[in-house]
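Here is the structure we will look at.
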Amino acid sequence: MYEKHKIYAKIFNVLRKFPQKNNKITLLTNKNHSFEANLEYIAKELDNRNKNGKDYEYKFIPKDSLSFANIRDFASSKYVFLVDNFFPLAFMNVEGMKWVQLWHGTGLFKKFGYDLLNDEDKKIMEMFAPKIDLVSVSSENVADIYARNFYVDKSKVKPFGVPRNDFYDEEHLSDAYLSELRESFEKDYPQLKGKKLVLYAPTFREDPKNNAVFEYFDIEKFLNELGDEYALAIRLHPNYKRFCDEEHNIDLDDLTSRYDIINFTGFKDEQKLL
């Protein structure tokens, strides 16, 4: 079941015998690009530091890629940032490296990590979790739960914040920027002009019955109750299409043609959207 992970680790472990670069950083990406926001903000910070005299070398590497060139770059890195579980780590020699888990979500609105895994996957997580050096979280208040769900000692969980929330600085909360952002949205989505926007972004669970997202949300009632002053937008989870069965599948093209709804599912920059 874990043969691909073991093959990845074997290649990695051979390449680890070559010299490591202390200024080299791997940003380990997920196939769902919407998970990458935290990594992108790390990259922005590295760019800023490089402009101020530092010399960091970084590369975005897909975590599922068996490309020899990618694994070679990965193996020569000193630091690794990730936003999801990475099962090959269970079989990898990472002595001398530093691994930082940023995760791709925030808060405690649903189960995640260890709580969601089956018994076999839990065993693998118990093998790779001790190799994580740091888990960055939004608040000290959630440290105990993140420690449990990432199967790490609480001393490794630090409230350093969520990188993508760096977007919400004074510049991006200024009236001038918000006005410019609104104008940009209204240019791309004319139906938004003069309206208040309500975003419906249901979370995701692998059980198809939990993905019947419009069984819990009545579009017609929403539109009738709030009237023309509001516009409704929907953004489905990136895993929705992969796991949703035919019975619960949503045809967004059909929905947007029947109702005055804006489809933001493909909108990449969550921070601007929020």
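In short: position in the sequence shown from 1, add 739, done, that's this note's numbering.
Think of the CB as a built atom: it goes at the ideal place given N, C-alpha and C, for glycine as much as any other residue.
Since the structure is predicted, the reported quantities are computational estimates derived from the model, not experimental observations.
Residue i - partner residues in DSSP beta bridges
| i | result |
| --- | --- |
| Leu938 | Ala972 |
| Ser816 | Lys760 |
| Thr768 | Pro801 |
| Arg837 | Note on residue identity: the sequence assigns Lys, not Arg, to residue 837. The partner list for Lys837 (beta bridge, DSSP) reads Tyr818. |
| Leu873 | Val839 |
| Glu796 | Lys763 |
| Ile781 | DSSP, once it has assigned bridges, lists no residue as partnering Ile781. |
| Asn963 | BP columns for Asn963 are empty, so no partner. |
Assumed close pair residue i, residue j - CB separation to whole angstroms, cut-off 8 Å
| i | j | result |
| --- | --- | --- |
| Asp794 | Thr765 | Incorrect: roughly 16 Å between the Cβ atoms, too far for contact. |
| Val896 | Ala882 | 4 Å |
| Asn956 | Arg974 | Inspection of the sequence shows that residue 956 is occupied by Phe rather than by Asn. No, Phe956 and Arg974 are not in contact; Cβ-Cβ is about 13 Å, not under 8 Å. |
| Tyr928 | Ile1001 | 6 Å |
| Asn824 | Pro902 | Not really, about 18 Å apart at Cβ, beyond 8 Å. |
| Gln1010 | Phe906 | 4 Å |
| Leu767 | Phe807 | Incorrect: roughly 17 Å between the Cβ atoms, too far for contact. |
Burial state of residue i (16 or more Cβ within 10 Å)
| i | result |
| --- | --- |
| Asn769 | buried |
| Leu917 | exposed |
| Lys802 | buried |
| Tyr797 | buried |
| Glu775 | buried |
| Val822 | buried |
| Ser913 | exposed |
Contact set for residue i: own chain, Cβ-Cβ below 8 Å, skip 5 residues either direction
| i | result |
| --- | --- |
| Lys935 | Glu968, Tyr969, Ala970 |
| Phe751 | Ile810, Phe813, Ala814, Pro827, Met831, Asn832 |
| Gly835 | Gln759, Lys817 |
Cutoff 9 Å: residue i Cβ touching any chain D Cβ
| i | result |
| --- | --- |
| Pro902 | Structure shown: chain D not included; a single protein chain is present. |
Cut-off 7 Å between Cβ atoms - residues of its own chain near residue i, not counting five sequence neighbours on either side
| i | result |
| --- | --- |
| Ser878 | Pro898 |
| Leu788 | Per the sequence shown, residue 788 should be read as Arg rather than Leu. Counting only Cβ-Cβ distances below 7 Å, and skipping sequence neighbours, we find Tyr795. |
| Phe924 | Leu931 |
Own chain partners of residue i with C-beta closer than 6 Å, once the 5 adjacent residues on each side are dropped
| i | result |
| --- | --- |
| Glu986 | Residue placement at Glu986 is poorly supported in this model, since its pLDDT is 49, which falls under 50; the coordinates still yield a value, given next. Excluding residues within five positions, none has a Cβ falling inside 6 Å. |
| Lys837 | Tyr818, Asp872 |
beta-carbon residue i near the ligand GDP non-hydrogen atom, thresh 8 Å
| i | result |
| --- | --- |
| Thr765 | Among the components modelled here there is no ligand, and therefore nothing to report on the ligand GDP. |
For the pair the stretch 757-764 and the stretch 807-827, tell me if three or more CB-CB distances fall below 8 Å. yes
Cβ pair count under 8 Å reaching 3, the stretch 829-842 against the stretch 851-871: yes
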